[in-house]
Amino acid sequence: MQQAKHIPVMLGEAINALAIRDNGIYVDATAGAGGHCSAILDQLGSDGRLLAIDRDPDAVAGVRDRFVEDPRIEVFHSPFSRIAEVVASQGLIGKVNGILVDLGVSSMQLDQPERGFSFMRSGDLDMRMDSDHGMTLSQWLSTVDEFLLVRVLREYGEERHARRIAAAILEQHAQQPLATTAELAELVAKAMPRHDHKKHPATRTFQALRIALNDELGELQRFLLQVISLLAEGGRLVVLSFHSLEDRIVKRFIAQHSKITDELPLDLPVIDVERLAPLTRVRMGKKPSREEVSINSRSRSVIMRVAERTTAPVAEPDLDQLFGIEELTQRVADQQRSGRAKGTSSKKSKSESKTKQRFQGLLNSQSGIQPLKLAGVS
Ligand SMILES: C[S@@+](CC[C@H](N)C(=O)[O-])C[C@H]1O[C@@H](n2cnc3c(N)ncnc32)[C@H](O)[C@@H]1O
71 MQQAKHIPVM LGEAINALAI RDNGIYVDAT AGAGGHCSAI LDQLGSDGRL LAIDRDPDAV
131 AGVRDRFVED PRIEVFHSPF SRIAEVVASQ GLIGKVNGIL VDLGVSSMQL DQPERGFSFM
191 RSGDLDMRMD SDHGMTLSQW LSTVDEFLLV RVLREYGEER HARRIAAAIL EQHAQQPLAT
251 TAELAELVAK AMPRHDHKKH PATRTFQALR IALNDELGEL QRFLLQVISL LAEGGRLVVL
311 SFHSLEDRIV KRFIAQHSKI TDELPLDLPV IDVERLAPLT RVRMGKKPSR EEVSINSRSR
371 SVIMRVAERT TAPVAEPDLD QLFGIEELTQ RVADQQRSGR AKGTSSKKSK SESKTKQRFQ
431 GLLNSQSGIQ PLKLAGVS
């Protein structure tokens, strides 16, 4: 089947925001089809370096192929939650001049029915970005309980009919496991009492399941916790988010790390933000131009945020705050790891979210990928 073409979003804006230095070191943490990579390489001098990461083996193969002749780029098959391992493998911790992350799925993933992301064209109920690891959606639905599924649909999809849809999915799946995206989409449409005719009734359900199955918000949180220590002074972080769940995490993260700590001695002389907070917010959220949205409708919901590394020593991440908002990502990850649905008490995971052990556990727990070795990084 012919590969769908992925149009990179906010290309000019993102590249400007990276403020590329001639012989700098850059990371594109979501290489996709290599559109942003190509624009970075265009501005990079002959001694510059680009580390390109993607968790999708097809994307990795495509980008390797596309830039096979260019010695400045190296491509890694890895989730970006392991960005520190990738950067460490090149001896570049603290030396990176810019990190770009363009979240979500690519047009190739969406438009290839066999990947299982599409309700428009039927394919296997897979939906994994990394088709080499982890459970398929069909397998995941066999392990999930109704309580968790309702929360996933409600919180990741903002689906008002979450209860009905979850009950219908699980009832059907128990009788005869759902095998294709078309079966799932039809079931969802039937389970809904009414729906907005402008949108396919399964849109929210598919979004929610994709986020949960690929642990997208947990990935983003773990990634953000590592980026500050990877950046050189003046290095830029540029994030393109596609929905409010992602953007909220990014916005909070930048705000939290651009703030002067409350614990400074009161008699400290003139406050120099540069010395005190590890990041400076370079700009508020920026949306794409109208022209871009008219040419590429996929760009309509994107929002770009940019921050710059200061000279301040890296502060301990405030794990309580960061994980407090996303207890559900931990619950989904727990369920994927154990391969069965957990009980329904929320007390346990809330208290767990307050420990650093849990952070370590999260770092080590990418489903299906062996912890603490560079096995996924090639
Ligand atoms: C929107 S596309 C990026 C497109 C790319 N900027 C381009 O110009 O072609 C998102 C890509 O990020 C990858 N991705 C999503 N989550 C990821 C993660 N946690 N770790 C690594 N790659 C991820 C997807 O596999 C997909 O290829």
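Taken in order, the sequence shown gives residues 71 to 448; the numbers are from our numbering. Here a beta-carbon is modelled for each residue, glycine too, at the ideal position from N, C-alpha and C.
Glu-241 and Gln-406 have their C-alpha atoms some 20 Å from each other.
Assigned with DSSP and collapsed to three states, Thr-380 falls in coil, not helix or strand.
Arg-351 is bridged by DSSP to Ala-377. Apart from sequence neighbours up to five positions away, the residues of its chain that approach Pro-263 with a beta-carbon distance below 8 Å are His-231 and Arg-234, ordered along the chain.
Not one heavy atom of ligand 1 falls within 7 Å of the beta-carbon of His-313. The beta-bridge partner set that DSSP reports for Thr-273 is empty.
Closest in alpha carbon position to Asp-196, among Arg-280, Ser-328 and Gly-82, is Arg-280. Contact fails between the stretch 96–114 and the stretch 180–192, because fewer than three Cβ pairs, one in each stretch, are under 8 Å apart.
Proximity of the beta carbon of Ile-123 to ligand 1 is indicated: a heavy atom of the ligand is located closer than 7 Å. The stretch 296–307 makes contact with the stretch 375–386: 3 or more CB pairs, one atom from each, lie closer than 8 Å. Annotated three-state conformation of Glu-289 is helix, per DSSP. Separation of Ala-347 and His-327 (C-alpha to C-alpha, rounded to the nearest whole angstrom) is 6 Å.
Annotation: Glu-139 is outside any alpha helix (DSSP H) and is labelled neither H nor E by DSSP. With a cutoff of 8 Å on beta-carbon distance, Pro-383 and Val-372 are scored as not near each other.
Here DSSP, grouped into helix, strand and coil, assigns Lys-329 to coil. Inclusion of Val-138 and Arg-368 in the CB contact set at 8 Å is not warranted, their separation being larger than that value. Relative to the Cα of Arg-306, the nearest Cα in the group Lys-75, Glu-256 and Ala-84 belongs to Ala-84. Pairing Leu-310 with Tyr-96, the inter-Cα distance amounts to about 16 Å. Contact annotation: Phe-293 and Phe-150 have beta-carbon atoms nearer than 8 Å. Beta bridge pairing from DSSP links Ser-314 with no other residue.
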